[in-house]
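This report concerns only the one structure given below.
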Amino acid sequence: MKVVIFDMDGTLIDSQRDITISINYIRALHYNLDPLSSAFIVEAINRDQRNLAKLFYETESYREQDRKVFEEHYYDQCIENPVLYNGIEKLLRRLKAENIRLSVATNAPTIFAKRMLFHLGVGDYFDHIVGADRVLVPKPDKEMLHYILDQYGFIHSKDQAWMLGDNSKDMKAAKNADITGVFVTWGFSPVGIGTLVINEPCELLENL
């Protein structure tokens, strides 16, 4: 059995415009702060060590009101502008045709992940779409990947698995779960280190 697990934001989907809009909505509404650029927001999200509340809202921790209003706003906003990266749907179609099992492991809430993927017409390609709310510890911990692999009855001694992602958290999660990390350069972090590095989705097929 072969299993390919995808990160979502920055790997399957370019969602930075909608993430930026919702964060800046909270900045203006609750803090009267000027908008941040997409480049700053994406870079901040992908840092290994960061206090996003301080970076985005200039406060030491998220207030429950911020979280609630952000989630309400982003639920509507998240399907306004997302796009699949070039070649992703073709890759998913090819992998499915070869009977490779496909899942998503994202640190975004599951409800947003499913909403976006089904909106873009690719939700049905995946057996499991797992967000951070489905586990106790998100990536880079191995729990999310182990949860998915367990659903397949995955056995390391005879099965193979790959984790595709665009940042170090994905690669560390793959290493922690003892599967192959595939760093993609088309996402939010163009430079990174994985067991494999690919520049186009179709390159994955050459390495399975």
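Using the numbering used here, the first residue of the sequence shown is number 2, and each one after it goes up by one.
Positions of the beta carbon are idealized from the N, C-alpha and C atoms, including for glycine.
Environment of residue i [buried if 16+ CB atoms lie within 10 Å]
i    : result
K91  : exposed
V4   : buried
V123 : buried
Y58  : buried
T107 : buried
E61  : exposed
Q66  : exposed
K170 : buried
Residues bridged to residue i (per DSSP)
i    : result
A106 : V131
I199 : V185
A162 : V4
CA-to-CA distance, residue j to residue i, given in whole angstroms
i    : j    : result
H74  : L209 : 39 Å
D77  : I27  : 14 Å
R102 : M2   : 8 Å
L205 : D15  : 19 Å
Distance between beta carbons of residue j and residue i, contact taken as under 8 Å
i    : j    : result
D10  : A133 : At roughly 12 Å, the Cβ-Cβ gap does not stay under 8 Å, so D10 and A133 are not in contact.
V183 : M164 : 7 Å
D8   : G166 : 4 Å
Y153 : V136 : Y153 to V136, Cβ: 16 Å. No contact.
T181 : A175 : 6 Å
Reduced DSSP category for residue i - H, G, I as helix; E, B as strand; rest coil
i    : result
K143 : coil
V43  : helix
I156 : coil
D19  : helix
G88  : coil
L205 : helix
CB contact check: residue i to chain B, cutoff 7 Å
i    : result
T111 : Structure shown: chain B not included; a single protein chain is present.
Heavy atom of the ligand GDP within 6 Å of residue i beta-carbon
i    : result
A114 : In the structure shown, the ligand GDP is absent, as is every other ligand, since no ligand is present at all.
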